[in-house]
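Going by this note's numbering, the first residue of the sequence shown is number 2, and it counts up by one from there. Structure record follows, encoded as structure tokens.
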Amino acid sequence: VQQTLTVNKAVLTITAGNTTRVYHEANPAFVINYSGFVNGDGQASLTKAATAKTTADINSTVGSYDIVPFDAVSANYSFNYVNGKLTITPATRTLTFNTLPVKVYGDADFDAGATASTGEPIIYSGYNPAIVTIVNGKIHITGAGTTAITATVAASGNYSNTPSQSQTLLVNKADQHIILGIIPALLKGTQYDLSQLITASSGLPLTFTSSDQLIATISGPTLDALHIGKTTITIVQPGNAN
């Protein structure tokens, strides 16, 4: 009497191993474990060994992601797949902020030069707005004096730290220049507006004096020629905080 013997496939459990990596690093090679081989079989007995995948890539945020085993092939085994876990942990970051050069009031906006190891935008704070402000990420000088400037980066759950560093900025007062052109000979009893001969770099209010009040007097930039003779006209600007 003939009978039919059915030999079913053995069940092989394929488990993806758990692993960890740091944020913004490449995924490690995934480990795959097998349980249920019979008759002395091993991984080499499979037509095709299993592989594993995850949805996490180098830019994935801190957290836990499934490692999914799949794609094994065998004539003698069916497969029970068990997911593993990829845990992404926070990374650390560093910040470099070198000594700032001495500046002069009126200098152009400049880059303070702080950099983060992650390439993130730098945030500047802790400064005296009477001396500097931040314009389009650059230091804009608003006055003479000394101020601390702190560089940092935005807080992020993907990093275990938020580094910051401070430097001191010295802004010296600027020199100002006043140029008075040659005053023409005047007729007694006439007036002359000196403002057309003056170039003042600071734009601050000017004080005018005449060395001989009998020859000429001056009110603001207006010169009054009183008598025949010569007098020396002096322009003074004592400066200010800047």
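Where is the CB? At the ideal position from N, CA and C, for every residue including glycine. Remember, it's a predicted structure, so these values are computed and weren't measured experimentally.
Item, Value
"Less than 8 Å between the beta carbons of Ile123 and Ala156, yes or no?", "no"
"Please state whether the Cβ-Cβ distance between Gly107 and Ala27 is less than 8 Å.", "no"
"Measure the beta-carbon distance from Tyr24 to Ala92 and round it to whole angstroms, keeping in mind my assumption that it falls under 8 Å.", "4 Å"
"Run the CB neighbour count on Phe31, radius 10 Å, all protein chains shown included, and call it buried at 16 or more, exposed below.", "buried"
"Could you tell me the alpha carbon to alpha carbon distance between His228 and Gln197, rounded to whole angstroms?", "23 Å"
"What does His141 pair with, by DSSP beta-bridge criteria?", "Thr134"
"Leaving aside the five residues before and after Asn243 along the sequence, list all residues of the same chain whose C-beta is less than 7 Å from its C-beta, in chain order.", "Tyr106, Gly144, Ala145, Lys174 and Ala175"
"Looking only at its chain, what residues have a beta carbon closer than 6 Å to the beta carbon of Leu96, apart from the 5 residues adjacent to it on each side?", "Ala117, Pro164 and Gln166"
"Put Leu205 into one of helix, strand or coil per three-state DSSP.", "coil"
"How long is the line joining the alpha carbons of Ser46 and Ala17, rounded to whole angstroms?", "19 Å"
"Any Cβ of chain B within less than 8 Å of the Cβ of Thr148?", "This model lacks chain B altogether; it includes just one protein chain."
"Among the residues of its own chain, which have a CB less than 8 Å from the CB of Ile68, if the five just before and after it don't count?", "Ala17, Gly18, Asn19, Thr20, Phe31, Ala53, Lys54, Thr55, Asn84, Gly85, Lys86 and Leu87"
"Taking C-beta to C-beta, are Ile183 and Phe209 nearer than 8 Å?", "no"
"In its own chain, which residues sit with a C-beta less than 6 Å from the C-beta of Thr14, not counting the 5 before and 5 after it?", "Ser36, Gly37 and Asn81"
"Span of the beta strand (DSSP E) holding Ile184?", "Careful: Ile184 lies outside any beta strand (DSSP E) and carries neither H nor E."
"Just the Cα atoms here: how many angstroms apart are Thr90 and Ala115?", "26 Å"
"So, are the CB atoms of Ala11 and Lys49 less than 8 Å apart?", "no"
"Could you tell me which of Ser75, Pro102, Ala57 and Pro29 sits nearest to Gly43, measuring between CA atoms?", "Ser75"
"With DSSP run on the structure shown, which of helix, strand or coil describes Ala152?", "strand"
"Under three-state DSSP, which class holds Ser211?", "strand"
"Just the C-alpha distance for Gly204 and Asn60, rounded to the nearest angstrom, thanks.", "54 Å"
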